[in-house]
Structures are given as C-alpha cells and as structure tokens.
Ligand code: COA
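Residue numbers (the numbering used here): 167 to 425.
Dropping the structure here:
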C-alpha cells in the first residue's frame, strides 16, 4: 500500500488520507490503488462502518498527478482488471457504506468530483473547489457531469465544469455538496464527531438508507464510463499535449491554433 495514502483504523472508522504535501497531495496511480484497496477493505470487513477521506497539510488534493497523466501512468492495470483510477472511481460510486470527507484546504479535479459520491462533506473556511478539466483540455470525470447538474442545477454546474471557476466553501455549501463549513482548526474534531456518531448507528439500517438514496447509481456508473472514454481520447489529443506542456512550463496554454 502506498505510504502517500495514510491508512488508519479508529474504532469502526477507516480513515484514508492524502499524504503527499510536497506535491500538494496530487494523486498518482499508486495512490489511487491504495485508495481503491481501502474501499475494498471497507466493503469486505464488517467491523468497518464508515470511511473518512482526509488529508495531511494545508490542501485536500491538487487532483490527478499531471506528469503521471502525461506519462499515461494512471492508465495501466495493476493486479486487478481495471486501472487504479477506474477502480477508485467505481469504488466510490458503488460504495455501500457511508463515505465522509473533511476538506481542509483547496480541492482540485478529482479532489472535488469524489465529493459528489460522499454522503457527508465537511469543509474548512480555507477550502476551495476547482474543476479545471476544460482548462487542461480534458472532460469531467467521476460522473461529475451527471451528478453536479442534478445537485446544483445546470448553470451552477457549468460555472464549475465549463467555465472552470474556482469556488469557495460558502459557495460549495450553496451548491449543495458541502454540509457544513467550520473553522480550519475545528475541522478534524468536528468531522470525527459526526463520523463517530454515524458509525454507532444500526449498520443494516444505514446501508439500506444509503442504497435507497442512490436510485441512479447504475446510471451514474454508466455515465462515468462514458466520461472515461472521452477523457482517455482527450489525453491523446494535441489539445492536452499543449495543456500538459503549459502546466510543466508554468505558462498559460495556447489553444488558438487548435480545433
Ligand atoms: N500534479 C503534479 N504535481 C502537482 C500538481 C498536480 N496536479 N499540483 C501541484 N503539483 C506540484 C507542483 O508542480 C509543485 O511541484 P514543485 O515544487 O516540484 O515545482 C508543487 O506541487 C507545489 O505546487 P504549487 O503550484 O507551487 O503550489 P501552490 O500552492 O502555488 O498552488 C495548486 C497549489 C493546487 C492551486 C496548484 O498547484 C495547481 O493548480 N495545481 C494543478 C491542479 C490541477 O490542475 N490538477 C488536475 C485537475 S484535473
């Protein structure tokens, strides 16, 4: 298991944390594999009642590791049939136990889209939410183009997914994917108290309730797979080559000659 994902048991709670602060917790293929393994463990171990996603440092996660994207390293399969990123995304979309997130700083890309699969999301006042897929010449993933318009309405989803605007925690609360915004120093204790309370509730009742609240789960997974096909095609495109090089060279991409 990658040590860039912290893995802690706290009673009936499995805590999975992004732990690569020098690279703003950007997620590599090995990290996706560790997250997916954690979700598998939660699914098969009856003593785990709730999964908490958290992070080390002043950021939640800067999303997918961009050099990894460019090298295609996020795509190879590991010992499983699917690439680690797909295992993780399908894992959160099909999780039957509650998923909770404590977002203590900026969340970018999949750091945001994974939240749409969480049941409860707590954010600190320092959290921001940014899905710059279009700025990277990519497309939304994790069924975000299916879930966010349903949660927030088309125009607000377009503000995040099409215009790629970064929003703060208060606006994320208005959009409907953050439950509560708390002071940064209080986030961990607050999230843990909520997670603890949830972990003590009757497990079958919790499971059935979550499943009843997700009638569009299969549709979301099918949409996620459709997004993945476009995403994979865009990764091979001249548009993404330009966007990726621009990121590495710390400059603005120039799409004016493409299309
Ligand atoms: N993949 C790989 N490395 C990343 C990364 C990513 N997604 N995001 C940040 N890093 C690295 C930077 O390259 C830098 O590495 P270096 O010190 O070796 O140069 C280090 O993390 C610090 O990043 P920096 O940009 O200096 O930090 P910041 O505090 O000024 O900004 C962010 C933080 C998250 C706002 C900014 O790094 C960012 O926008 N990252 C890209 C996010 C992104 O587009 N993700 C993909 C979404 S699909």
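Even glycine gets a Cβ: it sits at the ideal position worked out from N, Cα and C.
Residue 169 is classed as exposed because its beta carbon has fewer than 16 other beta carbons within 10 Å across all chains shown. Taking the CA atoms as reference points, residue 345 sits about 13 Å from residue 283.
Of the candidates 286, 326, 202, the residue whose Cα lies closest to the Cα of residue 358 is 286. Taking C-alpha positions only, residue 315 is separated from residue 326 by approximately 10 Å.
Each of 180, 376, 192, 389 was checked against the Cα of residue 234, and the nearest Cα belongs to 192. Between the ligand COA and residue 296, a heavy atom-to-CB distance of less than 8 Å is present. Taking 8 Å as the cut-off, one finds at least one heavy atom of the ligand COA near enough to the beta carbon of residue 230.
The three-state reading of DSSP puts residue 214 in coil, since its state is none of H, G, I, E or B.
Within the region 266-298, complete alpha helix (DSSP H) segments of at least 4 residues are found at 276-279, given in chain order. DSSP, read as helix, strand or coil, puts residue 311 in helix. For residue 181 and residue 265, the gap between their C-alpha atoms comes out near 10 Å. One thing to note: residue 296 has its Cβ no nearer than 9 Å to the Cβ of residue 259.
By the neighbour-count criterion, in which 16 or more other beta carbons inside 10 Å mark a residue as buried, residue 280 falls on the buried side.
Residue 218 and residue 292 have their C-alpha atoms some 19 Å from each other.
When secondary structure is reduced to three states using DSSP, residue 226 falls in the coil class, being assigned neither helix nor strand.
The beta-carbon distance between residue 183 and residue 220, rounded to whole angstroms, is 5 Å. This is short enough to meet the 8 Å contact definition. Shown here for residue 350: same chain residues with a beta carbon closer than 7 Å to its own, the five before and five after excluded, namely 270, 290, 291, 292 in chain order. In the three-state DSSP reduction, residue 393 falls in the helix class (H, G or I).
In the same chain as residue 229, and ignoring 5 residues on each side of it, the C-beta atoms closer than 6 Å to its own belong to 274, 275, 276, 277, in chain order. Separation of residue 321 and residue 331 (C-alpha to C-alpha, rounded to the nearest whole angstrom) is 12 Å. Residue pairing by DSSP places residue 181 opposite 174, 218 in a beta bridge. DSSP places residue 348 in the uninterrupted beta strand (DSSP E) bounded by 346-348. Apart from the 5 residues on each side of it in sequence, residue 226 sits with its Cβ closer than 6 Å to the Cβ of 269, 271, 273, 277 in its chain, given in chain order.
Cβ neighbours of residue 410 within its own chain (closer than 6 Å, five residues either side excluded): 236.
Going by DSSP, residue 361 is part of the alpha helix (DSSP H) stretching over 353-365. Placement of the Cβ of residue 189 at a distance of less than 8 Å from at least one heavy atom of the ligand COA is found. Residue 203 sits in a helix when the DSSP states are folded into three classes.
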